[in-house]
Amino acid sequence: MERFSFKGVASNLVTYLTDVAKMSNSAAAKMVNNWCGVTSMLPLLVAPLADSYLDRYTTVLASSSLYFAGLLALTSLALQWPWTSVNKSGFSSSLSWSLHLISLGQAGYNPSLQAFAADQLDDQDELPCTKNDQSTKKKSAFFHWWYFGICCGSLLGVSVMSYIQDTLGWGLGFAIPCIAMVVSIVVFRFGNRFYTHNNDGEVIHIRSLGVHIVKAIRAATSRFTCGEIAGPESNKSKAVEIELESKPLCQQDSDGMEGGEDKKSENGIVEIRKVVLPLLPVWIMLLMFAVIFQQPATFFTKQGMTMKRNIGSNFRIPPAALQSSITISIILLMPLYDTVFIPFIRVLTRNEKGITVMQRMGIGMFLSVIAMIIAAVTERKRLDIARNIGASISEALPMSIFWLLPQYILLGISDIFTVVGMQEFFYSEVPTNMRTLGIALYTSVFGCGSFFSSFLITVIEHLTSSVGEKQNWFADDMSKARLDNYYWFLALSSAASFLMFMVFCHFYRRRTVN
């Protein structure tokens, strides 16, 4: 339900910004990328609070309420905008506040919900452990089918909501995701008696939530300054972990406070370095994959707006609806991953899992490079047709929108490998008491990728505009834009990242965490 709500807004937002808010193509793309970046990065701030002090169930309920408030504000704005005299700057400000309220809600919602779902598994203490082959397979299956569920919700949001927004109006198009979010909150709340609650932290009451948030911030700060994070080699019992999480983490006698402060800080830096620094190279090399991940919701959609979209005489395919081909390919092919691909690869590799997590991510990165090469070739064909017939800005080209399907489908297949692999990798490579933060590290890749995508658009737009308006790669007139050059640039950059990732994997040794 949450993915339906989010994709119902995000998938077609670039069309709303260009057609309703009258933004330029580059400005709309940058706003969408920046918003997606903030949405993906905020969990890094919220996750330590949920891990340190707030229980996950309470975090999900509180953050989903913020999520609903943002959707309600966005719906109200869409309904009022055509009938009010609000200036463009006031509209942009209100729109930004609404979107970032959604981001704030999702920051606590997504990582906490996924970690809470993992808590429902039997033998949850073994979940992050890589020693036991059985628990490793269970963990892989969990992330595999969790992503499958996400894609089902995304498919409904992309296909249904883009059509409603383009044909029935934006007010209704934003109101339905808002209603869906309310339904999801109610269903989640009524399922409480069936859940397994892992109460490592203190139970939070609404009336004292503000006090506990302050304590949570202090506790999270103590983790980083006092070195109370359990490292990979930690063999502390669960009872000790619960004790540490339920009281200030740096408690010690006042007489020994000053004497041991420097030593604790130094130990804390060492522990953080052991956990985080080995993951940074992988995190950095995945950034270009995250940049490619932003294209379907921005420039792919703008391409589709210029192409022939008719089916019959009455029905026109919404450009954003083609994003559903990504999720359809995932939904259809993901079951084959376990039943066909893994058994076949297991024979070749003689590995019980078939392929390692690192190999899984690498395959997806390679497929994303192929997808961008196909996108560049297709865009070049579209430009040739537009220039041959002298098409205007508003004129649809005699080229079917289905020419874009191969690049969408390949990105969907790459998601099956890389995105699921990223979830398992970052979840498994951090200590047990940082589970939510591990998931936040995974989402932060896409957050920084979104910001980096906006940065690339700004730099390239400046460089190409200085040559001449006709050479601007992101011109509003799509017959003069050079998105094909931009796609080639992304393909080459991603290929370089993939080659570095292959070299790094040869030397990297995964760790066993407790």
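For the sequence shown, the numbering used here assigns the number 47 to the initial residue and increments by one for each residue that follows. C-beta atoms are modelled at their ideal positions from N, C-alpha and C, and glycine is treated no differently. Predicted, not measured: the structure shown is a model, and the values here were computed from it.
Give me, in chain order, the residues of the same chain whose beta-carbon lies closer than 7 angstroms to that of residue i; leave out the 5 immediate sequence neighbours on both sides.
| i | result |
| --- | --- |
| Arg426 | Asp530 |
| Gln297 | Residue placement at Gln297 cannot be trusted, given a pLDDT of 45 that sits under 50; what the coordinates show is reported in the next sentence. So no residue of the chain qualifies. |
| Leu112 | Leu147, Leu150, Gly151 |
| Phe547 | Met331, Gly408, Met411 |
| Ala537 | Val415, Met418, Ile419, Ala422 |
| Thr424 | Trp449, Leu450, Gln453 |
| Gln160 | Trp192, Ile485 |
| Asp430 | none |
| Thr395 | Ile401 |
| Ala591 | Lying outside 47 to 560, the shown extent of the chain, residue 591 is not represented and no answer is given. |
| Thr121 | Gly217, Phe220, Ala221, Cys224 |
| Pro327 | Phe550 |
| Asn71 | Thr64, Lys348, Phe520, Asp522 |
| Phe498 | Leu333, Val337 |
| Trp534 | Ala422 |
Among the residues of its own chain, which have a CB less than 6 angstroms from the CB of residue i, if the five just before and after it don't count?
| i | result |
| --- | --- |
| Ser139 | none |
| Arg528 | Trp519 |
| Thr344 | Val60, Ala75, Val78 |
| Arg406 | Phe463, Gly467 |
| Asp171 | Note that Asp171 scores a pLDDT of 46, beneath 50, so its modelled location is shaky and nothing firm can be said. |
| Val92 | Ala153, Gly154 |
| Gly493 | Gly83, Ser86, Met87 |
| Gly495 | Leu333, Ala336, Val337 |
| Lys284 | Model confidence at Lys284 stands at a pLDDT of 38, short of 50, so the residue's coordinates are unreliable and nothing is read from them. |
| Asn58 | Ser208, Gln211, Ala366 |
| Leu502 | none |
Among residues of its own chain, excluding the 5 on either side of residue i, which ones have a beta-carbon nearer than 8 angstroms to its beta-carbon?
| i | result |
| --- | --- |
| Met303 | Its pLDDT being 46, under 50, Met303 is placed unreliably in this model, and the coordinates cannot settle the point. |
| Val233 | Met47 |
| Tyr564 | Since the displayed the chain opens at 47 and closes at 560, residue 564 lies outside it and no answer follows. |
| Leu487 | Leu90, Leu325, Trp329, Phe472, Val476 |
| Ile447 | Gly350, Met353, Lys354, Arg355, Ile363, Pro365, Leu368 |
| Gly116 | Ser144, Leu145, His146, Leu147, Ile148, Ser149, Leu150, Gly151 |
| Leu379 | Gly458, Ile459, Ile462 |
Using CA coordinates, which residue listed in the options is at the minimum distance from residue i?
| i | options | result |
| --- | --- | --- |
| Gly54 | Val476, Val415, Pro364 | Pro364 |
| Ser205 | Gly493, Ser370, Tyr488, Leu545 | Ser370 |
| Ala366 | Ala422, Ile210, Ala417, Met418 | Ile210 |
| Asp65 | Asp522, Phe535, Leu536 | Asp522 |
| Val432 | Gln349, Asn156, Thr213 | Sequence inspection shows Ala at residue 432; the Val mentioned does not correspond to that position. Cα-wise, what sits closest to Ala432 is Gln349. |
| Ser539 | Phe162, Trp216, Val415 | Val415 |
| Ala163 | Thr242, Ala115, Asn71 | Thr242 |
| Val106 | Met227, Phe137, Phe339, Val423 | Met227 |
| Thr489 | Trp143, Phe339, Leu378 | Phe339 |
| Asp212 | Arg396, Thr402, Gly400, Phe361 | Phe361 |
| Ser51 | Cys197, Arg239, Leu63 | Cys197 |
| Pro157 | Ala56, Phe535, Phe544, Gln469 | Gln469 |
| Arg239 | Gly219, Phe194, Gln166 | Gln166 |
| Arg102 | Asp430, Tyr155, Gly493 | Tyr155 |
| Ser10 | Leu394, Thr347, Ser230 | The requested residue 10 is not part of the displayed model; the chain covers only 47 to 560. |
| Ile374 | Ser142, Phe194, Ser499, Lys68 | Phe194 |
| Thr385 | Arg396, Gly400, Thr395, Ile372 | Gly400 |
| Leu201 | Ile503, Thr510, Val505, Ile377 | Ile377 |
| Lys68 | Ser500, Asn434, Phe137 | Phe137 |
| Met404 | Thr347, Val465, Met380, Pro381 | Val465 |
| Leu123 | Gly215, Leu502, Ser543, Met524 | Gly215 |
| Gly199 | Pro381, Ser511, Arg49, Ser500 | Arg49 |
| Leu509 | Leu125, Val491, Tyr532 | Tyr532 |
| Ala56 | Leu141, Leu125, Phe236 | Leu141 |
In the DSSP assignment, what residue or residues form a beta bridge with residue i?
| i | result |
| --- | --- |
| Leu443 | Met353 |
| Arg49 | Note: Arg49 sits in no beta bridge, so no partner. |
| Arg362 | Asn356 |
**OP:** Evaluate the contact criterion for the stretch 148-158 versus the stretch 81-88: three or more CB pairs, one atom per stretch, below 8 angstroms.
**Re:** Judged by Cβ distances under 8 angstroms, the stretch 148-158 makes contact with the stretch 81-88, as three or more pairs qualify.
**OP:** Indicate whether the contact test is met: 3 or more Cβ pairs, each with one atom in the stretch 381-392 and one in the stretch 442-452, closer than 8 angstroms.
**Re:** No, the stretch 381-392 does not touch the stretch 442-452.
**OP:** Decide yes or no for the touch test of the stretch 342-359 against the stretch 543-556: beta carbon pairs closer than 8 angstroms, at least 3 of them.
**Re:** Output reads no: the stretch 543-556 does not touch the stretch 342-359.
Original post:
Should the stretch 454-474 be regarded as contacting the stretch 395-411, the criterion being three or more beta carbon pairs within less than 8 angstroms?
Top reply: Result yes; three or more Cβ-Cβ pairs closer than 8 angstroms.
**OP:** Can you check the stretch 384-426 for any alpha helix (DSSP H) of at least 4 residues that lies completely inside it and give the ranges in chain order?
**Re:** With a minimum length of 4 residues, the continuous alpha helix (DSSP H) runs that stay inside the stretch 384-426 are 388-395.
Original post:
Along the chain, which unbroken stretches of the alpha helix (DSSP H) at least 4 residues long are found entirely within the stretch 66-151?
Top reply: Here the runs fully enclosed are 71-87, 89-98, 102-126.
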